[in-house]
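Visitor: Protein chains in written order, with the numbering used here: chain A, 179 to 387; chain B, 179 to 387.
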DNA sequence: AATCTCGGCAAACACTTGTTTACTGAATGG
DNA sequence: CCATTCAGTAAACAAGTGTTTGCCGAGATT
């Protein structure tokens with residue numbers, strides 16, 4: 179009758195969260211490949227054996243973190259694409275959203291940047307499968323914009339990938355900037371805006387060349 | 179009288195090379211942070227203690243690898259910038275050179291991609307200090323091109339960074355493509371060319387907007 | 001109320017780890 | 001040719017590792 183899932187399951191979820199959080203915390207200055215089961219359980223306040231009640235592997239924990247991290251990223255992307263408007267406002271809004279996202283999900287973003295080319299194959303694959311899906315989504319959104327009239331499927335895809343790659347680069351750069359120099363952060367954001375403006379300029383003259 | 183540096187030093191250099199090569203080999207599917215001294219020396223055919231005759235740290239070995247990797251990258255960049263020509267030929271040449279570079283220095287490129295956001299601070303810093311220097315160098319080269327007449331310092335810098343980031347993204351993508359799908363490699367190269375063309379288009383209309 | 005499920009624990013397994021030690025023996029230099 | 005330098009070694013150190021085992025005791029189920 180209650181909408182809760184049972185105290186049993188709730189406690190299990192709590193432990194699972196503790197493990198994920200502990201992992202995320204430790205991965206702030208470490209690689210997934212160099213993480214240890216004992217290390218994680220110690221940080222989470224559980225016994226080593228408890229880990230195996232939740233994940234078979236550390237790689238599995240990594241994949242779970244990928245899903246989490248990309249869920250929030252997904253929300254972010256949609257919120258940028260949803261609002262229509264002139265190119266300039268869209269650019270400003272996109273950069274603002276990225277900036278805020280990095281600030282509010284620092285751990286997740288760092289995790290993605292670090293493990294995207296990291297040493298654990300399954301995690302790597304999970305990440306760029308999902309980034310590919312992002313590009314597809316961005317591509318569909320671009321297709322709806324009037325500027326894209328007459329663009330081929332391939333052209334749209336390459337533009338979408340350019341945007342996604344640019345977003346990733348910018349996020350990575352912001353990550354390191356935000357925790358040291360606050361002025362550096364503004365400089366990076368400004369650069370990103372200029373770059374997006376240049377791309378948008380190229381876009382307007384595509385095929386008209 | 180002989181131009182050799184002495185059998186003594188030569189043997190030491192040989193061991194050092196063995197360590198670097200062993201490290202590079204192991205880092206093909208591992209992170210620097212998860213690498214072990216014993217692991218490296220075992221792979222190199224030396225005793226564990228021998229390692230400390232060459233490096234104080236594994237991080238130091240990492241930094242040495244960064245220097246190696248970026249030396250070859252540096253040569254590559256110069257070879258792209260040296261040849262003048264129309265925008266189209268320049269783009270084709272740039273992509274070709276990147277493609278070849280990734281094929282011929284797979285281990286180095288993978289190392290850079292992996293450790294750029296990896297878990298070892300000193301290595302991370304070494305890498306992006308050097309990438310910053312690249313951007314500066316590219317910026318200077320761009321300034322000499324006629325298309326850049328009237329561009330501010332800041333604009334040149336942001337364009338250079340856009341190019342460098344794009345190069346890094348492309349190289350990373352090629353890395354994974356080359357060792358699986360050969361058709362995928364061509365698709366990535368084609369996409370990169372399109373993206374560079376779009377950027378170059380934006381460049382021509384900058385400030386003329 | 002009795003039974004079952006199952007998340008968590010402590011302990012034990014057999015290794016692997018980084019680093020220091022005292023040493024050996026070949027190239028070096030006077 | 002004798003003394004020195006020094007790259008490389010084997011052995012030992014304490015400390016950490018992943019994973020399995022049997023067990024407990026609190027929810028869940030009947």
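Ideal Cβ placement from N, Cα and C applies to all residues, glycine included. The structure displayed is predicted, hence computed values, not measured ones.
1. Is the CB of residue 219 of chain A under 7 Å away from at least one CB in chain B?
2. Please confirm if residue 212 of chain B has its CB atom under 7 Å from at least one CB of chain A.
3. Kindly list the residues whose CB is nearer than 6 Å to the CB of residue 351 of chain A, restricted to its own chain and excluding five residues on each side of it in sequence; keep chain order.
4. Applying the criterion that 16 or more other CB atoms from any shown protein chain within 10 Å of the CB defines a buried residue, is residue 423 of chain A buried or exposed?
5. Taking 7 Å as the CB-CB cut-off, is residue 180 of chain B touching chain A?
6. Would you kindly work out how many angstroms separate the C-alpha atoms of residue 319 of chain B and residue 356 of chain A, rounded to a whole number?
7. Can you give me the Cβ contacts of residue 180 of chain B inside the same chain, cut-off strictly under 6 Å, excluding the 5 residues immediately before and after it?
8. Any beta carbon from chain B within less than 7 Å of residue 373 of chain A's own beta carbon?
9. Name, please, each residue of chain B whose Cβ falls closer than 8 Å to the Cβ of residue 333 of chain A.
10. Whole angstroms are fine: how far does the CA of residue 210 of chain B sit from the CA of residue 304 of chain B?
11. For the structure I just gave you, are there three or more beta carbon pairs, one from the segment 253 to 262 of chain B and one from the segment 206 to 223 of chain B, closer than 8 Å?
12. Spatial neighbours of residue 290 of chain B within its chain, please: CB distance less than 7 Å, with the 5 preceding and 5 following residues excluded, ordered by chain position.
13. Using the rule of at least 16 other Cβ atoms within 10 Å of the residue's Cβ for burial, across every protein chain shown, is residue 335 of chain A buried or exposed?
14. Taking DSSP as the reference, what is the three-state secondary structure of residue 252 of chain B?
15. Under 7 Å, Cβ to Cβ, is there at least one residue of chain A near residue 247 of chain B?
16. Confirm, please, whether the CB-CB distance from residue 349 of chain A to residue 276 of chain A is below 7 Å.
17. Could you name the residues of the same chain whose beta carbon sits closer than 6 Å to that of residue 285 of chain A, not counting the 5 residues immediately before and after it, in chain order?
Guide: In short:
1. By one-based count along the first chain, residue 219 of chain A stands at place 41. Chain B, which has no Cβ nearer than 7 Å to the Cβ of residue 219 of chain A, makes this no.
2. Along the second chain, one-based indexing puts residue 212 of chain B at 34. Answer yes: the Cβ-Cβ gap between residue 212 of chain B and chain A drops below 7 Å somewhere.
3. Numbered from 1 along the first chain, position 173 holds the residue referred to as residue 351 of chain A. Residues of the same chain with a CB within less than 6 Å of the CB of residue 351 of chain A, apart from the 5 flanking positions on each side, are 366 in chain order.
4. Since the first residue shown for chain A is 179 and the last is 387, residue 423 of chain A is missing from the structure and cannot be characterised.
5. Numbered from 1 along the second chain, position 2 holds the residue referred to as residue 180 of chain B. Here the model assigns residue 180 of chain B a pLDDT of 36, short of 50, so the residue's position is not dependable, and the following value carries that caveat. With 7 Å as the cut-off, residue 180 of chain B does not count as an interface residue toward chain A.
6. The count along the second chain starts at 1 and reaches residue 319 of chain B at position 141. The count along the first chain starts at 1 and reaches residue 356 of chain A at position 178. Approximately 30 Å between the Cα atoms of the pair.
7. Residue 180 of chain B sits at position 2 when you count from the first residue of the second chain. No answer about residue 180 of chain B holds up, because its pLDDT of 36 lies below 50 and its placement is not dependable.
8. Locating residue 373 of chain A in the first chain gives position 195, where the first residue counts as 1. Closer than 7 Å: yes.
9. Counting from 1 along the first chain, the entry for residue 333 of chain A is found at position 155. For a Cβ distance threshold of 8 Å, residue set 372 of chain B lies close to residue 333 of chain A, ordered along the chain.
10. On the second chain, residue 304 of chain B is found 126 positions in, with the first residue counted as 1. On the second chain, residue 210 of chain B is found 32 positions in, with the first residue counted as 1. If I take the Cα positions, the gap works out to 14 Å.
11. no
12. Here residue 290 of chain B corresponds to residue number 112 of the second chain, with the count starting at 1. Excluding positions up to five away in sequence, the list reads 247 and 305.
13. Here residue 335 of chain A corresponds to residue number 157 of the first chain, with the count starting at 1. Buried.
14. Looking up residue 252 of chain B in the second chain gives position 74. If DSSP states are grouped into helix, strand and coil, residue 252 of chain B belongs with the helices.
15. By one-based count along the second chain, residue 247 of chain B stands at place 69. No - not a single Cβ of chain A is within 7 Å of the one on residue 247 of chain B.
16. Taking the first residue of the first chain as position 1, residue 276 of chain A is located at position 98. Taking the first residue of the first chain as position 1, residue 349 of chain A is located at position 171. Cβ atoms of residue 276 of chain A and residue 349 of chain A: closer than 7 Å.
17. Numbered from its first residue, the first chain carries residue 285 of chain A at position 107. Counting only Cβ-Cβ distances below 6 Å, and skipping sequence neighbours, we find 202.
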